[in-house]
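Student:
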Amino acid sequence: MFENAVLFGINLVYFLAFASLYVQLPGLIGDEGVAPVRLLDLSVPKTLEDFLMGIPSIIRFHNSFYLSEYHAAELSVLAGLTLSFLSMAIPQLLGTLSLLFQWISFFSIVKVCPGVADWKWTSLLIEAGFLCFLLSIKLRKYSRSASMIVAWLIKWLLFREAVSTGFARLANDNYFWWDLSAMEHYFSTQISPTPAAYYLSLAPSLVLRIISLFFIVMEIFIPFLFLIPVRELQIFSFFAKVMFHADLIVIGNHGIYNLLSIVLSFALLPEPKRCKGSPVSHRFVSVATTVAVLTVLFYGVWVFFGFQEGIEAMRITILRKEFIDQAKTVNYYTVLIVSSFFALNLLAEMFRSLSTRGCMNRMLDFTGVALVGLMGGGLFAASLAPFSSLVDSSSVVPLPSFAHELTAALKPFHLANDYRFFHQKEKDVLLKVDRQRTVLVLEGAMNENGPWKELSFHHVPSTPEKMPSIIPGHLPVVDFEAALSGERTFENSPIVATLVYRILTKEKEVLALLELSGFPIGPKFVQIRKYTYEISRPLNGPRWWKRKLQNIYLPPTQASTPRLTQLMTKIGIVGKRRGRPLDANLVSSLLDKLRAMVGQPANLNGFYVVLVVAFLVNKIF
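Be aware that the sequence shown starts at 20, since it is given in my numbering, and climbs by one per residue.
(1) Where do the ends of the alpha helix (DSSP H) carrying Phe37 lie?
(2) Using a Cβ-Cβ cutoff of less than 6 Å, which residues in the same chain neighbour Phe263 once the five nearest sequence positions on both sides are dropped?
(3) Less than 8 Å separating the beta-carbons of Phe178 and Pro242?
(4) Going by Cα to Cα distance, which pick from Arg439, Leu573, Gly392 is closest to Leu363?
(5) Just to check my reading of the structure: Phe206 and Ser183 have Cβ atoms closer than 8 Å, yes? What is that Cβ distance to the nearest angstrom?
(6) With a 10 Å radius around its C-beta and 16 neighbouring C-beta atoms as the bar for buried, classify Ala683 as buried or exposed.
(7) Touching or not, the stretch 531-545 and the stretch 469-478, by the rule of three or more beta carbon pairs under 8 Å?
(8) Pick helix, strand or coil for Ile547, following the three-state DSSP scheme.
(9) Note down the Cα distance separating Asp266 from Phe233, rounded to an integer number of angstroms.
(10) Return helix, strand or coil for Gln443, following the three-state DSSP convention.
(11) Could you tell me whether the Cβ atoms of Val410 and Ile343 are closer together than 8 Å?
(12) Can you give, in chain order, each stretch of the beta strand (DSSP E) that sits fully within the stretch 315-396 and has at least 3 residues?
(13) Alpha carbon to alpha carbon, what distance is there between Gly274 and Met486?
(14) Give the secondary structure of Leu156 by DSSP, where H, G and I count as helix, E and B as strand, and everything else as coil.
(15) Here's the rule I'm using: 16 or more other beta-carbon atoms within 10 Å means buried, otherwise exposed. How should Gln121 be labelled?
(16) Helix, strand or coil: which one does DSSP assign to Val416?
(17) Would you tell me roughly how many angstroms separate the C-alpha atoms of Asp498 and Leu58, rounded to the nearest one?
(18) Which same chain residues end up closer than 6 Å to Asn272 when comparing Cβ atoms and leaving out the 5 residues on each side of it in sequence?
(19) Name the DSSP beta bridge partners of Tyr552, please?
(20) Assign Gly541 to one of three DSSP states: helix, strand, or coil.
(21) Are Leu425 and Ala389 touching if we call contact CB-CB under 8 Å?
(22) For Ile77, which three-state DSSP category applies?
(23) Can you tell me where the alpha helix (DSSP H) with Glu290 in it begins and where it stops?
(24) Can the beta-carbon of Pro483 be found closer than 8 Å to that of Ser555?
(25) Just reading off the alpha helix (DSSP H) that Ser608 is part of, what are its end residues?
(26) Tell me which residue opens and which closes the beta strand (DSSP E) that Lys472 is part of.
(27) Given a cut-off of 8 Å on the beta-carbon distance, is the pair Gly329 and Ile156 in contact?
(28) Are Tyr85 and Leu601 touching if we call contact CB-CB under 8 Å?
(29) If I follow the unbroken alpha helix (DSSP H) through Pro581, where does it start and stop?
(30) Determine the extent of the alpha helix (DSSP H) in which Gly185 is found, giving its start and end residues.
(31) What does a CB cutoff of less than 6 Å around Leu532 pick up in its chain, not counting 5 residues either side in sequence?
(32) For the alpha helix (DSSP H) containing His264, list its first residue and its last residue.
(33) Can you name the start and end residues of the alpha helix (DSSP H) that Asp498 belongs to?
(34) Pop quiz: Gly52 and Asp60 are said to be a contact at Cβ under 8 Å. What is the actual Cβ separation, rounded to whole angstroms?
(35) Look at Gly659 and Glu500 and say whether their C-beta atoms are less than 8 Å apart.
(36) Look at Pro214 and Pro431 and say whether their C-beta atoms are less than 8 Å apart.
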């Protein structure tokens with residue numbers, strides 16, 4: 020049954036997400052981190068409205084546990100990490116309450132961690148996690164009616180995410196996708212590519228153009244198969260989706276995004292095999308429908324990419340304006356059709372629950388369908404407004420007012436998401452392909468005149484000789500934020516500015532986020548150079564990257580430089596009176612001892628070992 024695979028998988032994703040946050044927490048939101056959580060307004064809410072309109076995080080109740088804001092955040096992450104581990108190791112714990120608390124814990128920590136909530140995969144995990152919570156609700160052990168409603172909503176989520184990304188790629192004013200040359204430059208523009216991406220970038224031009232075509236087909240054409248209830252098409256969709264994201268894991272470090280997509284793809288699989296008495300005619304109709312749909316799909320791809328002119332001449336044959344006009348039409352009818360599909364699916368499962376044998380079983384099944392259907396219906400209605408505005412800033416479908424109200428109400432909780440962009444603020448990230456990417460490189464010195472040595476991040480390539488990382492499931496927040504700040508000014512990059520200040524004041528929690536070879540206790544001066552990077556060719560010797568200096572982003576700076584101190588005062592890092600620290604108690608002392616044992620590792624290797632233990636224990640139980 021797909022439920023077990025999805026529920027086990029979502030716990031795996033939660034485990035990696037919590038682990039990634041835990042190893043970075045001191046340097047990220049610690050009292051001396053780059054964005055201290057103590058600077059946020061996390062007072063105890065007086066009313067429900069106060070809680071919802073402020074920062075809706077359980078960390079606001081830290082005083083109830085006699086913990087500081089940071090310790091409350093750390094406890095929340097550890098609780099989620101422990102629950103996800105136990106749920107994987109002992110299947111009996113794959114319960115509704117466990118998933119609900121993991122969702123609350125992850126959502127709460129995301130709301131206080133800068134640079135995390137803006138990424139698409141964060142919103143995707145929050146929405147998917149809530150759907151998995153609904154999937155786990157079973158008032159009767161063998162009831163499947165409510166599960167099928169959630170399965171349809173997961174398919175709809177996968178559809179929205181894929182199509183939104185595909186449309187955003189082509190709607191973006193970037194010619195590389197239109198002539199299918201995107202992959203010739205794609206790997207150079209990635210924030211943290213893998214070694215496999217480097218070698219793949221050396222492939223012949225025709226191979227790279229076929230990969231570009233594969234991306235567009237998987238994000239524009241294949242998702243329309245997700246919602247067709249034909250067994251063979253469902254199996255085809257599942258394997259296509261899994262293969263696509265497995266390939267993306269090999270060539271890029273995108274945090275939990277690809278693994279989460281693979282986990283959710285299990286909802287694409289059909290129900291367990293048909294009854295043995297199923298007529299041969301049903302099988303024939305199913306196969307014939309599959310052949311017909313795939314034939315139409317193949318023909319559409321053939322025409323869309325102009326294969327009739329030969330494989331060497333393949334490209335997107337329609338104009339960008341024509342594509343956008345057609346996308347509006349497709350978007351309009353898609354919203355109408357999927358709304359009908361959801362209503363029919365809900366009615367069908369209601370009737371199925373009412374046909375259950377036994378009065379008590381019938382009542383429990385119908386109650387479960389009504390409960391899940393009500394919440395699922397709200398999520399579906401809230402998702403329509405962002406999706407119907409996919410191609411245009413205004414909705415192409417006249418939706419009822421309650422749909423827009425639901426969207427507005429659920430958007431702060433990441434339950435009504437726009438999945439067009441990988442990053443909500445830097446909208447071109449991972450979508451717009453250029454010949455090179457901009458990178459900020461920090462350098463340190465003990466004297467203002469040098470000599471200068473690079474302060475490398477662990478996972479974002481800086482020195483040309485540095486080999487790309489392989490960090491599945493890990494999102495190095497500060498690394499990625501620094502990589503995105505090249506197009507912003509220093510004053511508009513608070514995380515980078517605070518990072519520089521913390522390096523100069525030698526805060527060990529922040530120094531652990533960098534590779535400080537040559538500076539055991541940190542430098543006295545820091546400067547930042549702005550480079551453009553692209554993948555090197557083998558003829559350039561043992562170098563992975565070619566880079567070209569653009570300008571000096573930040574001149575030599577020390578901790579007392581007025582430009583830096585004024586900015587730190589404005590942010591609140593200095594000059595703001597701290598509250599009286601809470602006395603240590605048993606919980607905070609245990610948290611500190613555990614942190615001293617674990618430290619701040621640069622990767623998740625130790626947690627991968629813990630995962631192996633979880634899998635072994637799972638087999639035993």
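Each residue gets a CB set at the ideal place from its N, CA and C atoms; glycine is no exception. In this text, all values refer to a predicted model and were calculated from it rather than measured experimentally.
Tutor: Concretely, from the data shown:
(1) For the purposes of this step, residue 37 is identified with residue 18 of the sequence shown, where counting begins at 1. Going by DSSP, Phe37 is part of the alpha helix (DSSP H) stretching over 21-48.
(2) The residue you call residue 263 lines up with position 244 of the sequence shown. If we look at Phe263 and ignore the five residues flanking it on each side, its Cβ neighbours are Met237.
(3) Walking along the sequence shown from the start, residue 178 turns up at place 159. Walking along the sequence shown from the start, residue 242 turns up at place 223. Against a cut-off of 8 Å, the Cβ pair of Pro242 and Phe178 comes out as a contact.
(4) Translated into positions along the sequence shown, residue 363 becomes position 344. Closest by alpha carbon: Gly392.
(5) Indexing the sequence shown from 1 puts residue 206 at position 187. Indexing the sequence shown from 1 puts residue 183 at position 164. Their Cβ separation, rounded to whole angstroms, is 23 Å, which puts Phe206 and Ser183 out of contact at 8 Å.
(6) Only positions 20 to 640 of the chain appear in the structure, and residue 683 is not among them; the question remains open.
(7) yes
(8) As a working mapping, residue 547 is identified with position 528 in the sequence shown. Residue state, collapsed to three classes: strand.
(9) By 1-based counting over the sequence shown, the position of residue 266 is 247. By 1-based counting over the sequence shown, the position of residue 233 is 214. Taking the CA atoms as reference points, Asp266 sits about 11 Å from Phe233.
(10) Translated into the one-based positions of the sequence shown, residue 443 becomes position 424. Coil, per DSSP.
(11) For the purposes of this step, residue 410 is taken as residue 391 along the sequence shown, with counting starting at 1. For the purposes of this step, residue 343 is taken as residue 324 along the sequence shown, with counting starting at 1. The answer is yes: Cβ separation under 8 Å.
(12) none
(13) The sequence position of residue 486 within the sequence shown is 467, counting from 1. The sequence position of residue 274 within the sequence shown is 255, counting from 1. Distance between the alpha carbons of Met486 and Gly274: 18 Å.
(14) Position 137 of the sequence shown, counting from 1, holds the residue named residue 156. Per the sequence presented here, residue 156 reads as Ile, with Leu not at that position. Note: Ile156 maps to coil in three-state DSSP.
(15) Taking the sequence shown and counting its residues from 1, one reaches residue 121 at position 102. By the neighbour-count rule (16 or more Cβ atoms within 10 Å), Gln121 is buried.
(16) As a first step, residue 416 is located in the sequence shown; it is residue number 397 there, counting from the start. If DSSP states are grouped into helix, strand and coil, Val416 belongs with coil.
(17) On the sequence shown, position 479 is the one that residue 498 refers to. On the sequence shown, position 39 is the one that residue 58 refers to. Asp498 and Leu58: Cα-Cα distance of roughly 22 Å.
(18) The residue given as residue 272 occupies position 253 in the sequence shown. Around Asn272: Ser211, Ile490.
(19) The count along the sequence shown starts at 1 and reaches residue 552 at position 533. BP columns for Tyr552 point to Arg456, Arg566.
(20) In the sequence shown, counting from the first residue as 1, residue 541 sits at position 522. Coil at Gly541, not helix or strand.
(21) One-based indexing of the sequence shown puts residue 425 at position 406. One-based indexing of the sequence shown puts residue 389 at position 370. Not in contact: Leu425 and Ala389 (Cβ atoms no closer than 8 Å).
(22) What you label residue 77 is simply residue 58 of the sequence shown in a count that begins at 1. Here Ile77 sits in helix by DSSP.
(23) Against the sequence shown, residue 290 aligns to sequence position 271. DSSP places Glu290 in no alpha helix (DSSP H); its state is neither H nor E.
(24) Start at 1 with the first residue of the sequence shown, and residue 483 comes out as number 464. Start at 1 with the first residue of the sequence shown, and residue 555 comes out as number 536. Yes. Within cutoff.
(25) Along the sequence shown, read from residue 1 onward, the residue named residue 608 stands at position 589. Segment 605-617, the alpha helix (DSSP H) holding Ser608.
(26) Within the sequence shown, the letter at position 453 stands for residue 472. Element bounds for Lys472: 472-476.
(27) Stepping through the sequence shown from its first residue, residue 329 is reached at position 310. Stepping through the sequence shown from its first residue, residue 156 is reached at position 137. Result no, Cβ atoms of Gly329 and Ile156 do not sit closer than 8 Å.
(28) One-based indexing of the sequence shown puts residue 85 at position 66. One-based indexing of the sequence shown puts residue 601 at position 582. In this structure, Leu601 lies closer than 8 Å to Tyr85 by Cβ.
(29) As a working note, residue 581 is residue 562 in the sequence shown. First-last of the alpha helix (DSSP H) with Pro581: 581-590.
(30) Here residue 185 is taken as the residue at index 166 of the sequence shown, counted from 1. Start and end: 164-190.
(31) Within the sequence shown, residue 532 is the residue found at index 513, counting from 1. Closer than 6 Å at Cβ, skipping near neighbours: Gly46, Val497.
(32) Position 245 of the sequence shown holds residue 264. Unbroken alpha helix (DSSP H) run through His264: 250-270.
(33) One-based indexing of the sequence shown puts residue 498 at position 479. For Asp498, the enclosing alpha helix (DSSP H) stretches over residues 496-503.
(34) As a position in the sequence shown, residue 52 is number 33, starting the count at 1. As a position in the sequence shown, residue 60 is number 41, starting the count at 1. Rounded, the Cβ-Cβ distance is 18 Å, inconsistent with contact.
(35) With the chain covering 20 to 640 only, the question about residue 659 has no answer from this structure.
(36) By one-based count along the sequence shown, residue 214 stands at place 195. By one-based count along the sequence shown, residue 431 stands at place 412. No, the pair does not count as a contact, with Cβ atoms beyond the cut-off.
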